[in-house]
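Quick note: the sequence shown, position 557, residue 1211 per my numbering, numbers continuous.
Before any comments, here is the structure.
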Amino acid sequence: MLVPDQTLNLGILAHIDAGKTSLTERLLFDNGAVPELGSVDAGNTRTDSGDLERERGITIRSAVATFVTGNLRVNLVDTPGHPDFIAEVERALSVLDGAVLVLSAVEGVQAQTRVLLRSLRRMRLPTLIFVNKIDRAGARPESLLADIRSKLAPYIVPLSTVTDPGTVAARAVPSPLSRADVRARTAEILAENDDTLLARLVDGSPPSVPELEDLLTAQTAAGLVHPVFFGSALTGEGTGELTAGIASFLRPPVSDRRSPASGIVFAIERTADREKVAYLRLFSGRVGERQRVTFHRTNAGGDSSEVTGRITGLDVVGGPERTAGADPRHGGTAGSRRLDAGSIARLRGFPGIRVGDRLGAATRPTGHVHFPPPSLETVVRPYRPGQEARLHAALTALADEDPLIRTRPAGGGTTSVLLYGEVQREVIAARLLRDFGVEAAFDPVTPVCFERPTGVGEALTEMDRRGAHDFWATVGLRVEPAAAGSGVGFVRDVEWGALPRAFHRAIEESARHTLQQGLYGWEVTDCTVTLVRARYRSPASTAADFRNLTPLVLMRALKVAGTRVHESCQSAEIEVPADALGPVVGFLGTIGADVTGSVEENAASWLVGADLPARVLPELTRALPGLTHGEGTVWSQPGGSRPVHGPIPLRERLDGNPLDRDAYLRFLADRNLARADDTGTAHRGTPVAHSVTPEAAPRPRENEQPRGNKGRK
């Protein structure tokens, strides 16, 4: 048997129900990786590994399976098709070398299809197009090619044609480059991106078949053109040609084994006993079992941390080294103990590891992965009293497996979950019950808002020489706007030696935590916080003094700067019948949507683009059937934000309210007393640690009239 010496990590992407999971199963079966063909309807597919996925017939999380063709090992990453899990697709792109975009020969180019190809182009991933379901009634291969050119990608190279479309007798007939008409048509398409080739065609010197194959491969690798194949995953028609196209046009990257190890964790699974298993794609170097490695992590606030441990288990996906009795062409993994650059492995030994953790530099030479933040929020409560801690632990475990599931505290000791859509909420509820035995109730979904500073503010609190102060610390902070999408930056405009390093760290960590709730209770983003003054007194000062004082100073500075509340928006594409265009556009205006464009798809339908607040999307979804006689469809994805107009929504404060000094000091005192009851000792850095109570003590010398400039940007 030929042992493969190259590995290609391939993504299968599609709009929901286009047949990508069926195509994955067909490729595995046809290439000898599985003994029988899995079926979505039968619920026995290999890549939809979770019970929920098999029950629903949709893919929720990326799964990996392997087949071998010639000397090429192909790791198939089957990604979600439902729009609620679009961020899962974007995350999977970071580990791919190429992709197959699946279209239905009946439904054709759909809204999410366009979004997926835009993501692939942003990552500059080579992409083939597979038109599935040619045997289904309504299949229209010829007109679909025109739609692909006009709506999806102008430069496509069809490498097969279809006979008897829409019938059980449908066949995909190869269109080899050896045919003169195919060769001439392909050369004309490639010449659109190659002036040298264009000159040769003008001079009457067309390229040979090998030259044309090399040119097609090069332009495919550059993302300039997309070879197109027709077929049926259900019957296997045309999938052999697709496999050959994968091997011919999607080239694996050069393996860089001599450089330091660099990779990224892109998925987490748990064993039956809840042990974490991490999927690692290695970009360079090599790692082995029992090796000690360090993973790096940067959270949403910009803080960095490390996870260090020893690899206790390493199974290379599709690895050639197997235990006795295992077929090396199958997707099993037992026995592979070393991971080389370009491959994927399952790692054990890191209980604290999370999706997105980086081994080494973990940089890709191309592209940038964009994860749009969730735009919806819901509060989760246990049905049964007394299960609050168990629910919190379960949600934490889910967030560990998938950081795109974000949680944060809500009022009354509850927890809120940030979501992309209703289906994701249903999946989380089902997983909580099935995997953790917690039945949960979800409040109605509400939109997520955030705050941005509108000006510059500065505040200062200093220690009083007489000791009449609440904290042994001096802190001065300035807050100002930063570029949209930049998050929170922290700058030190004081000498490092002005404070011990632990005190600097306490100030920054406290500042980032404080900005989780701004003037109106929403998270503050797109700003820069600068430490402009700092002083301590040894041995009285502690890190807790700086940690607890920082919120008071920062919120005063933020109040001077001012903030504006923004609400999350959705970018929607709405397909409507031609006679419903007017009513739909009119309705979009009534709900505050901005129509970004409308395109006539054909004589019978239009495609309308719109940006709208996330809070009104359910209203559009409910109204669309009545406006379009049941024929309209809408697809949306997170699409930025806009300032809130009208009454400003408020979020309940959970931070003791550092906008109110007395209330905040009482909050710290109560917290300190609670800790003292638990441990028998009081904690430093809170008012009760000092002999002077907040009520009796003279106020510290503070910047009572903080400097600011609301007009400065």
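For every residue, glycine included, the Cβ atom is placed at its ideal position computed from N, Cα and C.
Just so we're clear, the structure is a prediction, and the values are computed from it rather than from any experiment.
Exercise. Can you give the Cα-Cα distance for Asp801 and Val1110, rounded to whole angstroms?
Worked result: 51 Å
For this session: Apply the 10 Å Cβ neighbour rule to Val1219 and answer buried if 16 or more other Cβ atoms are within range, or exposed otherwise.
Result: buried
For this session: With distances taken Cα to Cα, identify the nearest neighbour of Val1133 among Asp1124, Gly1143, Phe1125.
Result: Gly1143
For this session: Answer with yes or no whether the minimum CB distance from Ala834 to chain B is below 9 Å.
Result: Protein chains in the displayed structure number just one, and chain B is not present.
For this session: Measure the beta-carbon distance from Asp789 to Ala824 and round it to whole angstroms, keeping in mind my assumption that it falls under 8 Å.
Result: 4 Å
Exercise. How many angstroms separate the CA atom of Asp659 from the CA atom of Ser902?
Worked result: 15 Å
Exercise. Is it right to say Tyr1037 is buried, meaning 16 or more other beta carbons lie within 10 angstroms of its own, or is it exposed?
Worked result: exposed
Problem set entry | Buried or exposed by the 16-neighbour rule on C-beta atoms within 10 Å, applied to Asn1202 | buried
For this session: Thinking Ile666 and Leu682 are a contact (beta carbons under 8 Å), I'd like their distance in whole angstroms, please.
Result: At roughly 11 Å, the Cβ-Cβ gap does not stay under 8 Å, so Ile666 and Leu682 are not in contact.
For this session: Quick one: grab the DSSP three-state call for Arg1218.
Result: strand
For this session: Less than 8 Å between the CB atoms is what I'm expecting for Leu936 and Leu993, so what's the real figure, rounded?
Result: 5 Å
Problem set entry | Inter-residue spacing [alpha-carbon to alpha-carbon] between Gly1184 and Arg1166 | Gly is not the amino acid found at residue 1184; the sequence shown has Thr there. Distance between the alpha carbons of Thr1184 and Arg1166: 12 Å.
Problem set entry | Identity of the residue in Arg912, Gly1141, Gly752, Leu798 nearest Arg776 by Cα | Gly752
Exercise. Can you name, in chain order, every residue of its own chain whose Cβ lies under 7 Å from the Cβ of Gly792, other than the five neighbours on each side?
Worked result: Val760, Gly820
Exercise. What's the gap between the Cα of Thr871 and the Cα of Leu730?
Worked result: 20 Å
Problem set entry | Contact belief for Pro1231 with Ser1252 at Cβ below 8 Å, rounded distance in angstroms | Rounded, the Cβ-Cβ distance is 13 Å, inconsistent with contact.
For this session: Give, in chain order, every unbroken run of the alpha helix (DSSP H) that is at least 4 residues long and sits entirely within the segment 770-802.
Result: 795-801
Exercise. Quick one, which of Glu1105, Pro1107, Trp1126, Thr1108 has its alpha-carbon nearest Thr1115's?
Worked result: Trp1126
For this session: Kindly list the residues whose CB is nearer than 6 Å to the CB of Glu1093, restricted to its own chain and excluding five residues on each side of it in sequence; keep chain order.
Result: Tyr1037, Leu1087
Exercise. Using the C-alpha atoms, what's the distance from Gly1139 back to Pro1063?
Worked result: 23 Å
Exercise. If you drop the 5 nearest sequence neighbours on each side, which residues of the same chain put their C-beta closer than 6 Å to that of Lys805?
Worked result: Val763
Problem set entry | Candidates Pro1101, Thr840, Gln873, Leu1206, of which the one nearest Arg1320 by Cα | Leu1206
Exercise. What number of angstroms, rounded off, separates the C-alpha of Ala668 from the C-alpha of Arg1079?
Worked result: 22 Å
Problem set entry | Proximal residues to Gly1014 (C-beta, below 6 Å), its chain only, five neighbours per side dropped | Pro914, Ala915, Ser916
Problem set entry | Anticipated Cβ contact below 8 Å, Glu1105 with Val1178, distance rounded | 5 Å
Exercise. If Val941 sits next to Ile965, beta carbons under 8 Å apart, how far is it from one beta carbon to the other, in whole angstroms?
Worked result: 7 Å
For this session: Run the CB neighbour count on Pro1292, radius 10 Å, all protein chains shown included, and call it buried at 16 or more, exposed below.
Result: buried
For this session: Out of Ala1160, Leu1173, Thr1204, point me to the one whose CA is closest to Asp1124's CA.
Result: Thr1204
Exercise. Does the separation of the CB atoms of Val919 and Arg1012 fall below 9 Å?
Worked result: yes
Exercise. Gln1170: which of Val1148, Gly1141, Trp1150 sits nearest, CA to CA?
Worked result: Gly1141
Problem set entry | Identified DSSP bridge partners for His950 | Glu960, Arg1012
Exercise. Rounded to whole angstroms, how far is the Cβ of Val785 from the Cβ of Val931, which I believe are closer than 8 Å?
Worked result: The Cβ separation is near 36 Å, so there is no contact.
Exercise. For the beta strand (DSSP E) that Gln945 lies in, which residues bound it at each end?
Worked result: Segment: none, Gln945 is in no beta strand (DSSP E) and carries neither H nor E.
Exercise. Does DSSP classify Arg1187 as helix, strand or coil?
Worked result: strand
For this session: Assuming Ala1264 contacts Ala1226 (C-beta within less than 8 Å), just tell me the rounded distance between them.
Result: 5 Å
Exercise. Exposed or buried, Arg1085, counting other C-beta atoms within 10 Å across all chains shown (16 or more means buried)?
Worked result: buried
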